[in-house]
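Protein chains in written order, with my numbering: chain A, 1 to 107; chain B, 1 to 107; chain C, 1 to 107.
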Amino acid sequence: MKLVLAVVNNDDSAILSSALTKEGFSTTKLATTGGFLRAGNTTFLIGVEDDKVDAVIDIISKYSRQRTQTMPDPSVYGMGMYTNYPVEIKIGGATVFVVDVEKFVKL
Amino acid sequence: MKLVLAVVNNDDSAILSSALTKEGFSTTKLATTGGFLRAGNTTFLIGVEDDKVDAVIDIISKYSRQRTQTMPDPSVYGMGMYTNYPVEIKIGGATVFVVDVEKFVKL
Amino acid sequence: MKLVLAVVNNDDSAILSSALTKEGFSTTKLATTGGFLRAGNTTFLIGVEDDKVDAVIDIISKYSRQRTQTMPDPSVYGMGMYTNYPVEIKIGGATVFVVDVEKFVKL
Ligand code: NI
Ligand code: NI
Ligand code: NI
Numbered sequence: 001m002k003l004v005l006a007v008v009n010n011d012d013s014a015i016l017s018s019a020l021t022k023e024g025f026s027t028t029k030l031a032t033t034g035g036f037l038r039a040g041n042t043t044f045l046i047g048v049e050d051d052k053v054d055a056v057i058d059i060i061s062k063y064s065r066q067r068t069q070t071m072p073d074p075s076v077y078g079m080g081m082y083t084n085y086p087v088e089i090k091i092g093g094a095t096v097f098v099v100d101v102e103k104f105v106k107l
Numbered sequence: 001m002k003l004v005l006a007v008v009n010n011d012d013s014a015i016l017s018s019a020l021t022k023e024g025f026s027t028t029k030l031a032t033t034g035g036f037l038r039a040g041n042t043t044f045l046i047g048v049e050d051d052k053v054d055a056v057i058d059i060i061s062k063y064s065r066q067r068t069q070t071m072p073d074p075s076v077y078g079m080g081m082y083t084n085y086p087v088e089i090k091i092g093g094a095t096v097f098v099v100d101v102e103k104f105v106k107l
Numbered sequence: 001m002k003l004v005l006a007v008v009n010n011d012d013s014a015i016l017s018s019a020l021t022k023e024g025f026s027t028t029k030l031a032t033t034g035g036f037l038r039a040g041n042t043t044f045l046i047g048v049e050d051d052k053v054d055a056v057i058d059i060i061s062k063y064s065r066q067r068t069q070t071m072p073d074p075s076v077y078g079m080g081m082y083t084n085y086p087v088e089i090k091i092g093g094a095t096v097f098v099v100d101v102e103k104f105v106k107l
C-alpha cells in the first residue's frame, strides 16, 4: 500500500477528483494555501495498492499537468497602445509524493 | 516513531480528539472535504511511538468505526403511502494509514 | 527525497513561509486546528532532497522554536492589588516529522 500526496492547482481539483473516483480510487482532499505552485492549491491524499501507483500518477498528469494556454497579450503601453500578439501563460501543474504505508486499516 | 494519518467522519471528530488527548497522544486535525468516506471528514495526524500504534488504532476504532443505526424508513411511495419498517443506516467509519517517521523533532 | 511535515504555531507561519521560500524550498501550507501545540497551528509540507533535511529543520527552528517572552504578570489579587513582577510565557513551538519519499514527480 502506498499513500500518494498530490498538490494540484485548485482549478483542476474538481475534475481530477471526479476522474479518480470514477477509476475506483478513494481520495481525501485537504484545503491548502500557497506552496509548490501558485497560491490556491488542493492536496489530495490517495491510498493505493503498490501496482496502481503509476495509474494514479497518469490520471493526475492527464487532468492537472502544467500546460500553456494562449491568451491575448495583456500588456498595455503608453497612451492606450497595446500589442495584438498573443502570449502563452502556464496553468495547472502538480507535485506528487509517494510514501510507503506500513499498515492500512478501514474501520 | 510512526505517523498515523486517520480520516474520520466529522461527526466522530470531537469525541475522538478528546479520547486521544486523554490517553496522552498528541494530535493535529486537518479540515478535509469529501473523500474516503462521505463528504465531511477530518484528517488526524498523530505522532506515536512504534509500540503504541495499535493502541491508537484501537481508540480510533472505538470512537469512529463504521456502525449501523436504526432509523424510521424515509421511503415515501405514491399518494403519500409509506412503510413503517425501520431501516439501518451506516454512520462513522475511518481510514487509517501508518507511515514510518525517519526523524522526529520537537522544537 | 524526503517529505518534511512541520506543525508550527500560526503566529510563526508567515515568517517561516517567507524564510523557506527565500532559501529555495517549496512548501505547501495546510490549515490545521488544535493539536501538537496549542490551538491555531499550520502544517507545512516541504519536499526536500535528503541532504537538505537538516537545513530545513534549522530554518524551522530559527523561526518557530518555542521560546519564552517576558510579560507583566496578569495575576490580579483581591481588592485590585496585583504584583509587578514580570512572568515568562511560552510562545511558538514546532513538531517536525521527516518521512521518506519513494517517488517524487513534478507534472
Ligand atoms: Ni505497501
Ligand atoms: Ni520509527
Ligand atoms: Ni529519498
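Each residue gets a CB set at the ideal place from its N, CA and C atoms; glycine is no exception.
Asked	Found
Is there a C-beta anywhere in chain B that falls below 8 Å from the one on A:G47?	yes
With DSSP as the reference, identify every bridge partner of B:D100, one or two as the case may be.	B:K2
Is it right to say C:G35 is buried, meaning 16 or more other beta carbons lie within 10 angstroms of its own, or is it exposed?	With a pLDDT of only 46 at C:G35, under the threshold of 50, the placement of this residue in the model should not be trusted; the figure read from the coordinates follows. It is buried - the Cβ of C:G35 has at least 16 other Cβ atoms within 10 Å.
If you count every other CB in all the chains shown that lies within 10 Å of the CB of B:Y85, and 16 or more means buried, which is it?	exposed
Which stretch, first to last residue, makes up the alpha helix (DSSP H) that contains B:L45?	Looking at the DSSP string, B:L45 is not in any alpha helix (DSSP H); the run it does join, the beta strand (DSSP E), is N41 to V48.
What residues from the region 3-34 of chain C come within 8 Å of chain A, judged by C-beta to C-beta, listed N to C?	L3, S17, S26, T27, T28, K29, L30 and A31
Taking C-beta pairs closer than 8 Å, name the residues in chain C that A:G93 reaches, listed in chain order.	K106 and L107
Just to confirm before moving on: does the CB-CB distance between C:T42 and C:N10 stay below 8 Å?	yes
Would you check if there are 3 or more beta carbon pairs closer than 8 Å linking the region 99-106 of chain C to the region 89-105 of chain A?	yes
Looking only at DSSP bridge pairs, what is B:V7 linked to?	B:T43 and B:T95
In whole angstroms, what separates the C-alpha of B:G24 from that of A:D50?	33 Å
When you compare each of B:I60, B:K52 and B:K62 to B:M1 by their alpha carbons, which one comes out closest?	B:K52
Report the neighbours of A:K62 on chain B: residues whose CB is nearer than 7 Å to its CB, in chain order.	By Cβ distance, chain B contributes nothing, its closest Cβ being about 20 Å from A:K62, past 7 Å.
State the Cα-Cα distance for the pair C:V4 and C:I46, rounded to the nearest angstrom.	5 Å
Give the straight-line distance between the Cα atoms of C:D12 and C:L20, rounded to the nearest whole angstrom.	12 Å
Counting only beta-carbon atoms, is C:V96 nearer than 8 Å to chain A?	no
Hey, could you find the ends of the beta strand (DSSP E) C:R67 is sitting in?	R67 to P72
Could you please give me the residues that DSSP links to A:I89 through a beta bridge?	A:Q69
Note down the Cα distance separating B:K108 from A:Q69, rounded to an integer number of angstroms.	Because chain B in this structure spans residues 1 to 107, residue 108 of chain B falls outside the shown range and cannot be described.
Which of the three DSSP states, helix, strand or coil, is assigned to B:K107?	This sequence places Leu at residue 107 of chain B; Lys is not what is there. B:L107 falls in the coil class under three-state DSSP.
Are any of the Cβ atoms in chain A nearer than 8 Å to that of B:E88?	no
Go through its chain and collect everything with a Cβ distance to C:T27's Cβ below 8 Å, but skip five positions before and after it.	S17, L20, T21, F44, L45 and I46
Mind checking which residues open and close the alpha helix (DSSP H) that includes A:D54?	V53 to S64
With A:I60 and A:V8 assumed to form a contact (beta carbons below 8 Å), what rounded beta-carbon distance in angstroms separates them?	7 Å
Have a look at B:M71 and B:V87 and give me their C-alpha separation to the nearest angstrom.	5 Å
Hey, A:G93 and A:Q66 are a contact pair by Cβ (cut 8 Å); roughly how many whole angstroms apart?	4 Å
Consider the Cβ of B:V53: report whether some Cβ of chain C lies at a distance smaller than 8 Å.	no
For chain A, is any of its Cβ atoms less than 8 Å away from the one on B:Q69?	no
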